[in-house]
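In this note's numbering, the protein residues as written are 3 to 1134.
Note that the Cβ used here is the ideal one computed from N, Cα and C, for glycine as well.
Report on one structure; see the data block that follows.
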């Protein structure tokens, strides 16, 4: 055996193979065949081996050393054997010599073959044509012959559906496995029906089938495709059924012309299939678009370009052909996908682009007869064509097609179903959803592995190369385990490692990890076993054994020998790989990593396939997978790059090792130690460390990276119980090293003081930082400001210290957090009130209320006009309710001028008269900003009005905001708030309830107006404050036509009063003011629509004024146009 670190270049290939002897069979049994064997061998249930003899099939149990357990007869000589789990039947390809030379070939299915059939006749019938006898309720051996139209060459079975694929020349016929019920006895029996016939462009030598995936192989060509139901063609076919009767009659009249045209090389329009007609319709719709694209200057016709798929990125062009085009993203980056080799096509593409496939529906089922035959489409996934002259490595053989399901457990339980199964006849209902398949194909010297990932849309599937295997000698036969490839070559048995399907790898990883587990397909594969065998004819894999049947050609003896090699378990193979890898860790690190990755994949694959374990006391595979992840983490932690350290962190997360356990595995000089431990400590899924674990981590950081301690203390959620004095010493030592303290060190020191129960020292520590430094540090570590208690957000002790000693910093930090969406305004209000209860009404309103009021005003100063914030009412409605209650409390005298307000913010608040939205100007004409009183009140002045009259009028005080009293400023802010869309309906109802209960409160009338409906607002102002109607209309109405209701109400109100009433003259003046304004601002036709038609004679004077104003406007416009024209002529 070669040295484990040796890489050998096999013949006919430039790829390297790493030879490592780690695969050892646990036992080898040898048994002789009493009859001539080797003419057809397959596996049965478990470790049963079926060997074809002369007119019989032997049943041997490999667990018992290959002992003969029985046999069942066959009609003719067995040429090929296939066992199917679904239905538990054996399909045979049998031959019978013909009378005039050659032979006849038959495909037969044997049912109940594993029963005791001694002294029992074999029942026979033809599939789909003859039903079993009504007396055949006993499970006797039964032969079902598959009717064929052509001689069969090869047979294959789908293990999930039981369908049989028969290769006959260039055709492959699929027979559907089905259960039927006898008409008389009502007994259920197994039968087979012709379903689909597939015509290939070459003679099929081998075929493989897995549900809707079919693979066909000839000596020089291989084609793997998916049979799909084309929904577009199905729709086009349904449209054809709506053809008008006259069109059908015209087709009937032109029948003779169609027949004559069909004999010519071209085809007539009527002979086109629905697929062609549909395709032509789509092309005609886009014909104009394509013509315009082709005529453009930057159009490139890829058909005129030279494609060199083997050219690597960066290599010079072989010729000066100007048509040569290089796509670096396709040929230079192997990680972007598989690069097709010469003669290879990697799909999905239409089969017409590489090798034509014709599909014909043959089923006699009534449900499928309604489905048009052309609705099926073959989508090519893999196609290879060998060149006999340039590539002598032919023929293709040993085609293997292995399905990959979401989970093996789901496959057994049959708990999945997908919509596409309802209409596809090749897909079984109720089984686990197939997510992909692995395809293996080999030539005499090189094997190719592909992985297909399926999607509901066939053209969205992906195909990646899984590996290239170069044998040491020409290969005869192969057998595939989930993670190993066994190849029978001219010199013996070779065993290679396999790259599993990507779904298998991803399915056992946490969702938040993006790990690169498997080696890339271009890397060398491992030849893990090489054993010499002679004269071996067949290679068969069972559940736990590998069977080789060798011929004994000495002395003319034609006897055969069965070698039963018992496979090692996944656990034992993993341990052997790790053992050999460790022995080469120092001498060949690449070999060590390669073996670790291969061993990891062995465990991953075994877990997905739920491979049975022979030894009951053997370690659990999942625990071994965790050990494997830990070893890979150790390796990547010793590397030098950050990307490899990230890989180490993710492997350690899979291993479930705690940070202190990782520290024990690594040396202090390990390059990635600090990065890995820091990443583990900062990951949110890391469980909380015990005191001993935390102290172990801190001791390591103190020795290796003391500057990281502050960051870990601030960001890690798993460090809660640790030695506070040790951390204080480390942080103080770091602070002493710099002239200006780092914000993270100061913040960490404050946090440790809080944990020690010394909040009085926190403010002193934080004072060493400038305000902006503290704000930036807190925003970077915002999780320190909030805690969760019984599912509710609360202010942390650090946030409470900031609120009491660093109010400006507290406000700026939380305003930023709420604005960024990290925290909702409602959640902040609830958290604040839970710590600092407020009283929102009456003179006993406390200081906490002022804090919250100032914070909310500062927030809305920043974000009140940000639609992204204000459109989400559920995030701030609670805060608006609190603000409204605080403003109403101020109107009752809760916040006097001598309250303990923030002096800096008090000066700024005076300029925030329109903080939330612009206030309507008519509010300045209402009390307390106007001396005018409501018509229903007596003209008297209270004490507050006397005070205002002695100094300044309220209007002047409003203009000079600095002299506004606290209550008056709160009224202005509340008016601004009610003028916006921020308050809810409930908030406005509360304000109405307040002013109704407190009619003498400052600004009660204006607040009532803002909370009423628009129609009620006009009625209220008309009755109480008619002098403000003109300004109310200017503020509330956008177009002149909206004044119609106001003018009508004023006219009606005036008409309802006698001239002796003092209010009559008030309404008369208001009407004149309103009409005087409308005369100037409204066109004549609009003005005529505003005033009632019955009042035209009464208001003739205003109509004449409006007409004069319109003429003046027209004259002005004409003069301006004339002057502009004159200036234009003079400038020429």
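Residue burial is scored here from C-beta neighbours: residue 122 has fewer than 16 other C-beta atoms within 10 angstroms and is therefore classed as exposed. The three-state reading of DSSP puts residue 1013 in helix, counting H, G and I together. Between the segment 56 to 76 and the segment 586 to 597, the count of Cβ pairs shorter than 8 Å is below three; the stretches do not touch. With a cut-off of 8 Å on Cβ pairs, the segment 488 to 501 is in contact with the segment 531 to 545, counting three or more such pairs. Here residue 731 is exposed. Its C-beta has fewer than 16 other C-beta atoms within 10 Å. Contact between residue 529 and residue 548 does not hold, since the beta-carbon distance rounds to 16 Å and is not under 8 Å.
Assignment of residue 190 by DSSP, reduced to helix, strand and coil, places it in the strand class.
Judged by DSSP in its simplified three-state form, residue 881 adopts helix. Here the alpha carbon of residue 750 sits roughly 49 Å from the alpha carbon of residue 612.
By the C-beta density criterion, residue 1132 is exposed, having fewer than 16 other C-beta atoms within 10 angstroms. Residue 636 counts as buried, since at least 16 other C-beta atoms from the protein chains shown sit within 10 angstroms of its C-beta.
As for any alpha helix (DSSP H) of minimum length 4 sitting wholly inside the segment 670 to 723, the runs are 675 to 684, 693 to 706, 711 to 717, ordered along the chain. With fewer than three CB-CB distances shorter than 8 Å, the segment 211 to 218 does not count as touching the segment 181 to 190. Residue pairing by DSSP puts residue 107 in a beta bridge opposite 97. Closest option to residue 1072, judged by alpha-carbon separation, among 1090, 1045, 1029, 1099: 1029. CA-to-CA, the gap between residue 198 and residue 360 works out to about 10 Å. Proximity to residue 455 across 88, 448, 480, 503 peaks at 503, based on C-alpha coordinates. By the neighbour-count criterion, in which a residue is buried when 16 or more other Cβ atoms sit within 10 angstroms of its Cβ, residue 629 is buried.
It is roughly 30 Å from the alpha-carbon of residue 1049 to the alpha-carbon of residue 973. Here residue 205 has 171, 172, 220 as same chain residues with Cβ atoms under 7 Å from its own Cβ, once five neighbours each way along the sequence are excluded.
Of the residues assessed, residue 62 falls on the buried side of the cut-off, its CB having 16 or more other CB atoms within 10 angstroms. Fewer than three beta-carbon pairs drawn from the segment 442 to 461 and the segment 538 to 552 are found closer than 8 Å, and the two stretches are therefore not classed as touching. The secondary-structure analysis by DSSP pairs residue 407 across a beta bridge with 436. Rounded to the nearest whole angstrom, the CA to CA distance from residue 386 to residue 346 is 4 Å. Taking C-beta atoms as the reference points, residue 196 and residue 130 count as a pair closer than 8 Å. For residue 499 and residue 608, the gap between their C-alpha atoms comes out near 13 Å. Cβ contact annotation for residue 113 (same chain, cutoff 7 Å, sequence separation greater than five): 91, 144, 146, 192, in chain order.
Distances from the CA of residue 445 to each of 400, 1047, 437 were compared; the closest alpha carbon is that of 400.
When rounded, the separation of the alpha-carbon atoms in residue 93 and residue 213 is 17 Å.
DSSP places residue 62 within a strand segment (E or B) once states are collapsed to three. Closest option to residue 988, judged by alpha-carbon separation, among 1014, 467, 1001, 1112: 1014.
Cβ contact annotation for residue 834 (same chain, cutoff 7 Å, sequence separation greater than five): 797, 854, in chain order. Here residue 714 has 683 as same chain residues with Cβ atoms under 6 Å from its own Cβ, once five neighbours each way along the sequence are excluded. Under the DSSP definition of a beta bridge, residue 145 partners with 112, 126. For residue 591, the enclosing alpha helix (DSSP H) starts and ends at 591 to 611. Excluding residues up to 5 positions away in sequence, 44, 93, 157, 159 lie with their Cβ nearer than 6 Å to the Cβ of residue 84 in the same chain.
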